[in-house]
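Chains as they are written, first to last, in this note's numbering: chain L, 1 to 204; chain A, 1001 to 1204; chain V, 2001 to 2204; chain H, 3001 to 3204. Shown next, in structure tokens, is the structure this report addresses.
4 protein chains.
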Amino acid sequence: MTDRTPRTARGTRTRAKLLEAAEEVFSAHGYHDASIVKITEAGGVSQGTFYLYFEGKQEIFDELVEDLNRRVRRAMAEASHSGTDRAEAERLGFAAFFRFTAEHPALYRIIRQAEFVSPRALHQHYERITEGYAAGLQQALDDGEIVPLDPTVAAWALTGIGEMIGMRWVLWGENDKVPDDVFDEMIALVHRALGLTTGSREAT
Amino acid sequence: MTDRTPRTARGTRTRAKLLEAAEEVFSAHGYHDASIVKITEAGGVSQGTFYLYFEGKQEIFDELVEDLNRRVRRAMAEASHSGTDRAEAERLGFAAFFRFTAEHPALYRIIRQAEFVSPRALHQHYERITEGYAAGLQQALDDGEIVPLDPTVAAWALTGIGEMIGMRWVLWGENDKVPDDVFDEMIALVHRALGLTTGSREAT
Amino acid sequence: MTDRTPRTARGTRTRAKLLEAAEEVFSAHGYHDASIVKITEAGGVSQGTFYLYFEGKQEIFDELVEDLNRRVRRAMAEASHSGTDRAEAERLGFAAFFRFTAEHPALYRIIRQAEFVSPRALHQHYERITEGYAAGLQQALDDGEIVPLDPTVAAWALTGIGEMIGMRWVLWGENDKVPDDVFDEMIALVHRALGLTTGSREAT
Amino acid sequence: MTDRTPRTARGTRTRAKLLEAAEEVFSAHGYHDASIVKITEAGGVSQGTFYLYFEGKQEIFDELVEDLNRRVRRAMAEASHSGTDRAEAERLGFAAFFRFTAEHPALYRIIRQAEFVSPRALHQHYERITEGYAAGLQQALDDGEIVPLDPTVAAWALTGIGEMIGMRWVLWGENDKVPDDVFDEMIALVHRALGLTTGSREAT
DNA sequence: AATGAATGAGAGTTCATTCAT
DNA sequence: TATGAATGAACTCTCATTCAT
């Protein structure tokens, strides 16, 4: 009920510290073992302060999901738009996704938890990602770049590819990045799936 | 350290009841909100009895994951082996996976949680699934049925497709099954990714 | 939701210990400063045990009010029924009330709090007391012992007299009892109010 | 220890706003659920401002009790003094009390809480009320208007009548006032208790 | 005079687990 | 084999109060 918007610069700073701390803590311990104490300690403020800016644990979680979602989508959009054709757009988009994953493992780790914590946030996350992806595919379709297909189905399917490869090689891998050969293999597969011809290979 | 193997037929029954109850409860409430009380109540036994057969909450969770993993792999293997060529094998395998998902939503819901609860169990789950998948692809490769590719990378990628489409249309959908047109679209995409030619379409 | 009825003799004993402890603690500290810790410490059990038998603080409070209500009414009823005429019944009833108050100061102290804690319990308490009282007056009326009056209004009014005199002389007094002269003065007033003639004075 | 007296007209206004807000909030939520935030919000000032004028929660509570006490006594005194005889004085005094109760339900609700919050304030409240009442009775006694009795005991007893009837019919009733017939019944009872003859009945 | 950010103790409550019966 | 009473640590959240601005 109460308005929890900070009213001073100091407050704004504190709120931001808490969000950052929450990303760390949720990512390290998972939602349930991420206690408010841990978050406030990581943020360097007292327990009570937390409730000055957030309604509770769930609320900060939701906000975090939304935040990460916005950032990953922006990263992917920017990358893929800088491609000159669809084949390159795909390559750059996936590369951006993996880079983001490496820098923000919290994304995966937090999203996974959302199933029970905040189903709405989970749906929205994938909905938004696939929507953006589908729009790009539709464009490629209109331009006759790819084989006729349902862009929505394709978007969900290809998102799944990213998720799985990212989990296996970025999250569980040893180098925090998808090895080049794996990446190339995957891109080739994606290109075939869309009916594109994979050109010569540049760096990831 | 105590041996928790049931010594009597009655004990075996009780243990089985608890496992079944756990699947229900974990699936409905998630790991953390699935209290031992809820599980024992659902199983119709008292709290203390639980510890006669399981070391703790985590142990029963792991066992459940393993159990579901075994079952889903068997379902997929049986289905895909009954196909006459690789194209059909893919179609049947995915169909089996979606059917299993519809019947056991617990699979998804429980696996998702495993990230923090039992990372080992999570790794193992996907490792085993993709191993089986990769073996099939290797075979197809040897038979010259599919385009040259790294079967492991392809297995993880295609597993991702299944996961995502299943989540979107089975779990979140309204009919507990992937609609035929979506399924066909997805299969076509998979076939292209493998360099297969999609044949005529039968029912899912 | 859960059934919190004790299932063994030990449980029944523990529950009783908690109720007794609660009477003490609520009476000594008031509802809000009576923490569950204080109650369980006074009862010699751990915090968690409390929730085995009570839903929460409010529930044990309500139960206590009801319990005290039953006991004070029984004490008054027994006393006043042993009187041979209405004048004596009044004298004995009030005496019993003051005696109970002296032995259970918790009655007052707890009831007072109920206004915000459990308004329902408060209403019920006075409703029941005055109902019993009014029934006695109705009888006296039928027997022509008292002046014509509305028994309900009289019952509430006379209950008020008891409350106030009890508060002033039992609770705040120094001897834990209403001094004889005060008691006699009050009874004389009550008798006049009912149109009874006060007879010779015996001890309280 | 700091001096909290307002030094400017603005300060005086703020202090008054807070007192008024406190009456509302204490009355609506009870002492313990009446947080300083609620009071300051109701008063339209910030949390910190509260401590400019009051030492703490308890202090503002005490001041409120004293304030209400002063006002209810004035109302009753004025009313009863305008009566021409004792019978009328009683009638008018009680009527004034009920009117005040209807307009300031906070009186009851706040006093009830005082038992543990501020026992001193509670004692003082009733002490003052009954003192005034007793003085009036003494006068009537000297004038031979009422039967011989101890004015102090009678004052406490009759105050109890007012409290109880007020609670039952003003606070819990539906019309915010004591119905005429109840009022007349009660007054008749009071008159008998004092040995007065009830005259003809006017409105309350 | 007024603000609102910050504190931290303490509240009620849950729950995995142990143990006497 | 099975029970359920008991534990106690940990959790989320509230709130009177202080203090820098």
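Glycine included, each C-beta is placed from N, C-alpha and C at the ideal position.
| Asked | Found |
| --- | --- |
| Local conformation of Glu3174 (chain H) per DSSP, three classes | coil |
| Pair within 7 Å by beta-carbon distance, Glu2115 (chain V) and Arg3112 (chain H) | yes |
| Pairwise C-alpha distance: Ile2161 (chain V) and Glu2185 (chain V) | 12 Å |
| Below-7 Å beta-carbon distance, Val2178 (chain V) vs any chain H residue | no |
| Which of helix, strand or coil DSSP assigns to Ala2106 (chain V) | helix |
| Simplified DSSP state of His3029 (chain H), which is helix, strand or coil | helix |
| Alpha-carbon spacing of Asp1150 (chain A) relative to Arg70 (chain L), whole angstroms | 33 Å |
| Under 8 Å from the C-beta of Gly3093 (chain H): neighbouring residues of chain V | In chain order: nothing, as chain V lies at least about 15 Å away. |
| Gly2144 (chain V): first and last residue of the uninterrupted alpha helix (DSSP H) it sits in | Taken as a continuous stretch (DSSP letters only), Gly2144 (chain V) belongs to no alpha helix (DSSP H), as it is neither H nor E. |
| Proximal chain A residues relative to Thr159 (chain L), where beta-carbon distance stays under 7 Å | Met1164 |
| Pair within 7 Å by beta-carbon distance, Ala2079 (chain V) and Leu2092 (chain V) | yes |
| Member of V:Val2190, V:Lys2017, V:Val2025 and V:Arg2007 whose CA lies at the smallest distance from the CA of Val2106 (chain V) | Per the sequence shown, the amino acid found at residue 2106 (chain V) is Ala instead of Val. Closest by alpha carbon: V:Val2025. |
| Amino acids of chain H, ordered along the chain, whose beta-carbon sits closer than 9 Å to that of Phe2116 (chain V) | His3029, Gly3030, Tyr3031, His3032, Asp3033, Arg3109, Arg3112 and Gln3113 |
| For Pro2006 (chain V), three-class secondary structure by DSSP | coil |
| Thr1130 (chain A) beta carbon less than 7 Å from that of Ala1223 (chain A) | In the structure as shown, chain A begins at 1001 and stops at 1204. Residue 1223 (chain A) is therefore absent and cannot be evaluated. |
| Within-7 Å CB hit, Leu1068 (chain A) to chain L | no |
| Cut-off 8 Å between Cβ atoms - residues of its own chain near Ala134 (chain L), not counting five sequence neighbours on either side | Pro151, Thr152, Ala154 and Ala155 |
| Rounded Cβ spacing between Arg1192 (chain A) and Glu1145 (chain A) (contact assumed at less than 8 Å) | About 14 Å; that fails the 8 Å criterion. |
| Status (buried if at least 16 other CB within 10 Å, exposed otherwise) for Arg1015 (chain A) | buried |
| contact_flag[the segment 2172-2190 of chain V, the segment 3171-3187 of chain H] where n(CB pairs < 8 Å) is 3 or more | no |
| Contact belief for Lys2017 (chain V) with Gly2043 (chain V) at Cβ below 8 Å, rounded distance in angstroms | 5 Å |
| Residue-chain proximity (Ala2022 (chain V), chain H), Cβ-Cβ < 7 Å | no |
| Members of the segment 147-158 of chain L that neighbour chain A once the beta carbon cut-off is set at 9 Å | Val147, Leu149, Asp150, Thr152, Val153, Ala154, Trp156, Ala157 and Leu158 |
| Test: Met76 (chain L) CB closer than 7 Å to a CB of chain A | no |
| Proximal residues to Arg1109 (chain A) (C-beta, below 6 Å), its chain only, five neighbours per side dropped | Ser1027 |
| Expected contact under 8 Å - CB spacing of Pro6 (chain L) and Tyr53 (chain L) to nearest Å | 6 Å |
| Counted within 10 angstroms of its Cβ, other Cβ atoms place Arg3168 (chain H) as buried (16 or more) or exposed | buried |
| Candidates H:Lys3038, H:Phe3098 and H:Asp3003, of which the one nearest Glu3020 (chain H) by Cα | H:Lys3038 |
| Length-filtered (4 minimum) alpha helix (DSSP H) runs lying within the segment 1087-1139 of chain A | 1106-1117 |
| Minimum C-alpha distance to Val1170 (chain A) - residue among A:Glu1088, A:Ile1060 and A:Arg1099 | A:Arg1099 |
| Min CB distance Leu2189 (chain V) to chain H below 7 Å | yes |
| Glu2202 (chain V), DSSP secondary structure in three states | In this prediction, Glu2202 (chain V) has a pLDDT of 44, which is less than 50 and means its spatial position is unreliable; what the coordinates show is noted afterwards. Reduced to three states, the DSSP call for Glu2202 (chain V) is coil. |
| Cut-off 7 Å between Cβ atoms - residues of its own chain near Gly62 (chain L), not counting five sequence neighbours on either side | One detail in the question is off: residue 62 (chain L) reads as Asp in this sequence, not Gly. Correct list, in chain order: Ser118 and Ala121. |
| Own chain partners of Val3045 (chain H) with C-beta closer than 8 Å, once the 5 adjacent residues on each side are dropped | Thr3014, Lys3017 and Leu3018 |
| Contact with chain V by Ala3193 (chain H), beta-carbon distance below 7 Å | yes |
| His2123 (chain V): contacting residues in chain H (beta-carbon distance under 9 Å) | Trp3172 |
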